[in-house]
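Residue numbers (our numbering): 21 to 407. Ideal placement from N, C-alpha and C gives every residue a C-beta, glycine not left out. Just so you know, these numbers come straight off a predicted model, no measurement behind them. A short write-up of the structure that comes next.
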């Protein structure tokens with residue numbers, strides 16, 4: 021059976037309540053589907069109207085139609101801009117796999133089913149309160165299509181408005197004047213995407229304790245050329261760092277293998293010779309981890325093509341965003357990271373350490389440019405699927 025595309029739209033309320041990580045973790049681990057794209061939306065009136073109308077498709081089942089009409093009314097009211105004209109933020113996630121729509125729907129659950137067992141996303145994050153046969157409070161937590169035909173129609177709408185209403189929403193959150201508002205980049209690294217699991221959601225959930233706002237989201241496949249540029253500043257550091265340990269190891273190896281005593285001057289010279297080579301080899305391993313190929317094994321146009329390793333880029337915004345994110349991330353070496361940090365919870369080694377975060381606002385801008393954070397990868401994906 022051919023793969024399908026499905027979607028989940030995390031509502032503005034769920035974003036504000038920092039439920040994104042929990043939703044993402046459940047969605048990926050329980051559906052077994054692949055996360056292939058995502059984009060933040062600040063819906064316009066035109067988008068909201070078209071999406072709301074498309075959310076009602078049932079003609080036979082009265083109960084299902086009533087639920088869809090409830091969702092339509094929710095979209096019209098809760099995706100609209102606030103009284104000050106500030107648009108709401110909603111996060112679209114696109115998933116791929118066999119029977120993707122059915123699997124997504126099963127994990128999302130039915131909003132009207134009175135259950136508190138936590139089996140579905142809506143069991144935990146949705147609410148529907150009824151008094152005297154009338155709905156008095158309704159929050160679905162997420163929105164998803166009921167069937168394949170609806171999914172296709174909704175995806176078409178998302179693609180249509182993805183440029184005008186979607187992208188990096190740095191102006192979507194008002195802040196008090198005079199605050200040190202920063203925008204910073206987080207990469208959830210490829211080790212979290214080896215198979216569908218809850219780790220990406222866990223990483224996002226831990227970052228939520230910063231109190232920062234997610235204003236950008238992109239599923240990215242870093243090319244070798246991008247990875248070289250992204251980690252370019254690290255190369256000199258590694259080559260210098262490996263001089264001393266390389267010298268010691270070379271001295272021991274030579275003395276053991278050849279029985280020749282090595283003095284300190286020769287040991288230093290060995291470090292100067294071998295250190296840069298060892299440092300570059302380690303640097304190439306980092307590039308391979310992020311892009312799927314070593315630079316020395318990748319030539320021509322292949323260097324600029326999307327790599328084989330997936331990561332998720334998140335843009336966070338808020339007061340002192342760089343510091344807050346890096347405190348929750350923890351130091352590079354997971355074994356030295358404090359409890360409760362992302363690298364302590366999810367990291368394995370200095371390289372396979374769950375996530376990257378920019379170390380300054382300036383570096384954040386540089387890194388965002390390298391991975392082309394403003395690129396709209398959603399529209400071509402959907403257009404190709406629907407063609």
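Handout entry: Any 3 or more C-beta pairs closer than 8 Å across the region 389-403 and the region 367-378
Key = no
Handout entry: Runs of beta strand (DSSP E) wholly within the region 54-112 (minimum 3 residues, chain order)
Key = 54-61
Practice task
Might you give, ordered along the chain, the residues of its own chain that have their beta carbon closer than 6 Å to the beta carbon of residue 388, omitting 5 neighbours on each side?
Solution key: For this step, residue 388 is matched to residue 368 along the chain shown. Cβ neighbours of residue 388 beyond the five flanking positions: 205.
Problem - Outcome for residue 82 when other beta-carbon atoms lying within 10 angstroms are tallied against a minimum of 16 - result: As a working mapping, residue 82 is identified with position 62 in the chain shown. Residue 82 should be labelled exposed.
Problem - Neighbourhood of residue 179 by C-beta distance below 7 Å, restricted to the same chain and skipping five residues each side - result: The residue labelled residue 179 in the question sits at position 159 within the chain shown. The residues are 398, 399, 402 and 403.
Exercise for the section: State the Cα-Cα distance for the pair residue 304 and residue 317, rounded to the nearest angstrom. Expected result: The count along the chain shown starts at 1 and reaches residue 304 at position 284. The count along the chain shown starts at 1 and reaches residue 317 at position 297. Those two C-alpha atoms are separated by around 10 Å.
Handout entry: Residue environment, residue 196, which counts as buried when at least 16 other CB atoms sit within 10 Å
Key = Position 176 of the chain shown holds residue 196. Label assigned to residue 196: exposed.
Exercise for the section: Per DSSP, which residues does residue 147 bridge with? Please list them. Expected result: Stepping through the chain shown from its first residue, residue 147 is reached at position 127. 159, per the DSSP bridge assignment.
Exercise for the section: Determine the DSSP secondary structure at residue 409, reduced to helix, strand or coil. Expected result: Residue 409 lies beyond the stretch modelled for the chain, which goes from 21 to 407, so this question has no answer here.
Exercise for the section: Could you spell out the range, first to last residue, of the beta strand (DSSP E) harbouring residue 333? Expected result: The residue given as residue 333 occupies position 313 in the chain shown. Here the beta strand (DSSP E) through residue 333 covers 330-339.
Practice task
State the DSSP-derived secondary structure class of residue 204, mapped to helix, strand or coil.
Solution key: Translated into the one-based positions of the chain shown, residue 204 becomes position 184. If DSSP states are grouped into helix, strand and coil, residue 204 belongs with the strands.
Exercise for the section: Enumerate in chain order the residues of its own chain whose CB-to-CB distance from residue 176 is below 8 Å, with the five nearest sequence positions on each side excluded. Expected result: Position 156 of the chain shown holds residue 176. 402 and 406, listed in sequence order.
Handout entry: Collapsed DSSP secondary structure at residue 176 in the structure displayed
Key = As a working note, residue 176 is residue 156 in the chain shown. The answer is helix: DSSP assigns residue 176 an H, G or I state.
Practice task
Report all residues from its chain with a CB closer than 7 Å to the CB of residue 217; omit the five preceding and five following residues, and keep chain order.
Solution key: By one-based count along the chain shown, residue 217 stands at place 197. Contacts found: 48 and 49.
Practice task
With DSSP collapsed to three states, give me the class of residue 171.
Solution key: The residue you call residue 171 lines up with position 151 of the chain shown. Three-state DSSP puts residue 171 in a helix.
Exercise for the section: Assuming residue 298 and residue 250 form a contact by the criterion Cβ under 8 Å, report the distance between their Cβ atoms to the nearest whole angstrom. Expected result: Along the chain shown, one-based indexing puts residue 298 at 278. Along the chain shown, one-based indexing puts residue 250 at 230. In fact, because the Cβ distance is near 21 Å, the residues do not count as touching under 8 Å.
Practice task
Would you identify the three-state DSSP class for residue 223, choosing helix, strand or coil?
Solution key: The count along the chain shown starts at 1 and reaches residue 223 at position 203. It is helical.
Handout entry: Exposed unless 16 or more other CB atoms sit within 10 angstroms - verdict on residue 182
Key = Within the chain shown, numbered from 1, the residue matching residue 182 stands at position 162. Buried, by the Cβ-count rule.
Handout entry: Own chain, CB closer than 6 Å to residue 290, minus 5 neighbours either side, in chain order
Key = The residue labelled residue 290 in the question sits at position 270 within the chain shown. Contacts found: 267 and 270.
Problem - CA nearest to the CA of residue 233, picked from 247, 111, 155 and 330 - result: Along the chain shown, read from residue 1 onward, the residue named residue 233 stands at position 213. The shortest Cα separation from residue 233 among 247, 111, 155 and 330 belongs to 111.
Exercise for the section: Please report how far the alpha carbon of residue 39 lies from the alpha carbon of residue 154, in whole angstroms. Expected result: Looking up residue 39 in the chain shown gives position 19. Looking up residue 154 in the chain shown gives position 134. Their backbone Cα atoms lie some 27 Å apart in a straight line.
Problem - With 16 other Cβ atoms within 10 Å as the buried cut-off, status of residue 194 - result: The count along the chain shown starts at 1 and reaches residue 194 at position 174. Exposed, since its Cβ has fewer than 16 Cβ neighbours within 10 Å.
Exercise for the section: Could you check if residue 280 is buried or exposed, using at least 16 other CB atoms within 10 Å of its CB as the buried criterion? Expected result: The residue labelled residue 280 in the question sits at position 260 within the chain shown. Per the 10 Å Cβ criterion, exposed.
Exercise for the section: Note the first and the last residue of the continuous alpha helix (DSSP H) segment covering residue 250. Expected result: Taking the first residue of the chain shown as 1, we reach residue 250 at position 230. Note, residue 250: alpha helix (DSSP H), 244-250.
Exercise for the section: Look at residue 349 and residue 335 and say whether their C-beta atoms are less than 9 Å apart. Expected result: As a working mapping, residue 349 is identified with position 329 in the chain shown. As a working mapping, residue 335 is identified with position 315 in the chain shown. No, they are not a contact pair.
Problem - Beta-carbon spacing of residue 360, residue 224 below 9 Å - result: Within the chain shown, the letter at position 340 stands for residue 360. Within the chain shown, the letter at position 204 stands for residue 224. Going by C-beta atoms, residue 360 is not nearer than 9 Å to residue 224.
Handout entry: 8 Å Cβ shell around residue 226 - same chain, five flanking residues per side excluded
Key = Counting from one through the chain shown, the residue named residue 226 turns up at place 206. So the qualifying residues of the chain are 41, 348, 360, 361, 362 and 365.
Practice task
Alpha carbon to alpha carbon, how far is residue 131 from residue 29? Give it in angstroms, no decimals.
Solution key: By 1-based counting over the chain shown, the position of residue 29 is 9. By 1-based counting over the chain shown, the position of residue 131 is 111. Approximately 14 Å, taken between the alpha carbons.
Exercise for the section: On a CA-only basis, which of 160, 63, 184 and 57 is nearest residue 116? Give me that one, please. Expected result: Along the chain shown, read from residue 1 onward, the residue named residue 116 stands at position 96. Considering only alpha carbons, the answer is 57.
Exercise for the section: For the region 337-346 and the region 59-70, state whether three or more C-beta atom pairs, one from each stretch, are separated by less than 8 Å. Expected result: no
Handout entry: Member of 276, 171 and 264 whose CA lies at the smallest distance from the CA of residue 285
Key = As a working note, residue 285 is residue 265 in the chain shown. Taking only the C-alpha atoms, the option nearest residue 285 is 264.
Exercise for the section: Tell me whether residue 235 counts as near the ligand NAP, meaning its Cβ is closer than 8 Å to at least one heavy atom of that ligand. Expected result: This structure lacks the ligand NAP; in fact it carries no ligand of any kind.
Exercise for the section: Report the three-state DSSP secondary structure of residue 154 (helix, strand or coil). Expected result: In the chain shown, the residue the question calls residue 154 occupies position 134. Three-state DSSP puts residue 154 in a strand.
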